[in-house]
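Per our numbering, the sequence shown starts with residue 20, numbered consecutively. This report refers to the structure that appears directly beneath it.
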Amino acid sequence: MGSVCLLLVGAWTSAEAVVDRVVAVVNQEIITLSELEKWKGPLLAEIKAQDRLERRERTQEALRMLLDRLVEERLIDQEVKKLGLKLTGKEIEAAVEEIKRRNRLTTQEDLDRALAMEGLSLEGFKKQIEKQVLRMKVVGLLMKMEMRAGEKEFREFYQQNRDRYRGTETYRPAHILFYVPKEAAPEEVQEIRKKCQNVLEKIRRGEDFGEMAALYSEDASAKDRGDLGFFKRGELIPAFERAALKLNVGEISGVVRTDFGFHIVKLLDRRGG
20 MGSVCLLLVG AWTSAEAVVD RVVAVVNQEI ITLSELEKWK GPLLAEIKAQ DRLERRERTQ
80 EALRMLLDRL VEERLIDQEV KKLGLKLTGK EIEAAVEEIK RRNRLTTQED LDRALAMEGL
140 SLEGFKKQIE KQVLRMKVVG LLMKMEMRAG EKEFREFYQQ NRDRYRGTET YRPAHILFYV
200 PKEAAPEEVQ EIRKKCQNVL EKIRRGEDFG EMAALYSEDA SAKDRGDLGF FKRGELIPAF
260 ERAALKLNVG EISGVVRTDF GFHIVKLLDR RGG
């Protein structure tokens with residue numbers, strides 16, 4: 020996606036005593052120490068080790084992870100800009116209404132009070148929402164691109180091994196994606212897995228898969244209730260494909276782990292084969 024240069028890796032402990040400085044360069048865009056400082060408070064509040072040396076080591080590790088996350092977000096934001104993605108006012112308003120619904124904020128006054136407690140204006144909140152939704156769209160697009168990557172190599176392999184793959188079977192999976200950043204800490208990964216498991220349990224108790232996908236999935240397919248369309252064998256990443264092809268039509272998988280994160284997979288249709 021681009022180039023990254025990380026600076027001042029060992030400078031965290033003196034952060035409060037210095038003038039703002041550059042800690043990373045992401046394709047000519049900088050991330051400053053003050054940006055890192057803005058987000059470190061809540062992160063460090065979670066570090067409660069009693070031993071001073073251990074606390075310092077965990078603090079160093081946490082701040083490095085935070086910087087990695089900021090770099091990742093900056094790369095995704097640059098991709099948004101490169102692709103020219105934008106949301107309409109209607110899409111932003113729909114996202115605001117969805118957040119109000121999820122948080123049981125029934126009136127505009129409820130939302131205003133909640134934002135005031137967070138020190139946010141409505142305009143600032145909408146900008147945050149737009150950025151988050153666009154990031155999710157890019158992650159979804161990249162996921163589909165990577166799923167379809169190597170198509171030329173696949174075709175060449177097929178031609179060389181066509182006797183093994185004469186079937187014309189196609190299948191139509193849907194999924195709910197809980198995205199896991201590449202540098203996520205084990206605790207964060209476990210928390211994301213727990214969210215995925217909670218949604219899976221809701222579905223098993225009778226909640227509609229499509230509605231859950233629209234509500235929770237971090238893939239662009241959320242707008243299609245998780246539906247990814249038809250694929251042939253070998254077109255999707257192996258772990259995902261194996262999980263989908265084990266299912267009968269209408270069945271739902273358990274939690275499936277891939278390089279993108281955690282998925283709940285449903286097989287919508289199957290043809291040929």
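Yeah, the Cβ is synthetic: ideal placement off N, Cα and C, and Gly gets one too. Owing to the predicted nature of the structure, the values given are computational and were not obtained by experimental measurement.
Checklist entry - What first and last residue would you give for the alpha helix (DSSP H) that runs through residue 285? => result It is not in any alpha helix (DSSP H) - residue 285 instead sits in the beta strand (DSSP E) that spans 280-290.
Next on the checklist: Can you check which of these residues, 245, 244, 261, is closest to residue 251 by C-alpha distance?
Outcome noted: 261
Item to check | N-terminal and C-terminal residue of the beta strand (DSSP E) that residue 192 is part of | outcome: 189-198
Next on the checklist: When you compare the stretch 138-158 with the stretch 211-231, are there three or more beta-carbon pairs, one atom per stretch, that lie closer than 8 Å?
Outcome noted: no
Checklist entry - By the 10 Å Cβ neighbour count, where 16 or more other Cβ atoms means buried, how is residue 204 classified, buried or exposed? => result exposed
Checklist entry - Who are the near neighbours of residue 173 in its chain, counting only those whose CB is closer than 8 Å to its CB and skipping five residues on each side? => result Residue confidence is low: residue 173 scores 48 on pLDDT, short of 50, so the model does not pin down where it sits. No coordinate-derived value is stated.
Item to check | Which of helix, strand or coil DSSP assigns to residue 221 | outcome: helix
Item to check | residue 69 versus residue 140: straight-line alpha-carbon distance, rounded | outcome: Note that residue 69 scores a pLDDT of 46, beneath 50, so its modelled location is shaky; the value from the coordinates is reported in the next line. The straight-line gap from Cα to Cα measures roughly 38 Å.
Next on the checklist: By DSSP's criteria, residue 246 is part of a beta bridge. Which residues make up the other side?
Outcome noted: 193
Next on the checklist: Measuring alpha carbon to alpha carbon, tell me which residue in 238, 156, 272, 114 is nearest residue 144.
Outcome noted: 114
Next on the checklist: Restricting to Cα atoms, I'd like to know which of 200, 272, 264, 107 is closest to residue 190.
Outcome noted: 264
Next on the checklist: On the DSSP letters alone, give me the boundaries of the alpha helix (DSSP H) that residue 123 sits inside.
Outcome noted: Note, residue 123: premise wrong, no alpha helix (DSSP H); not H, not E.
Checklist entry - Hey, residue 104 and residue 156 are a contact pair by Cβ (cut 8 Å); roughly how many whole angstroms apart? => result 6 Å
Item to check | For residue 93 and residue 102, the rounded distance between their alpha carbons | outcome: 14 Å
Item to check | residue 211 (DSSP reduced to helix, strand or coil) | outcome: helix
Item to check | residue 273 in three-state terms, based on DSSP | outcome: strand
Next on the checklist: Taking the alpha helix (DSSP H) that residue 229 belongs to, which residues open and close that run?
Outcome noted: 228-235
Checklist entry - Going by DSSP, what residues sit across from residue 251 in a beta bridge? => result 189
Checklist entry - Out of 281, 158, 290, which has the shortest C-alpha to C-alpha gap to residue 210? => result 281
Checklist entry - Quick one: is residue 107 buried, meaning 16 or more other Cβ sit within 10 Å of its Cβ, or exposed? => result exposed
Item to check | Per-residue burial, residue 235 [other beta carbons within 10 Å of its own, 16 or more giving buried] | outcome: buried
Item to check | residue 274 and residue 219 closer than 8 Å at C-beta | outcome: yes
Next on the checklist: The alpha helix (DSSP H) that contains residue 258, what's its start and end?
Outcome noted: 257-264
Checklist entry - Under three-state DSSP, which class holds residue 201? => result coil
Next on the checklist: Can you check which of these residues, 200, 244, 243, 290, is closest to residue 91 by C-alpha distance?
Outcome noted: 200
Item to check | Buried or exposed (CB count within 10 angstroms, at least 16 for buried), residue 98 | outcome: buried
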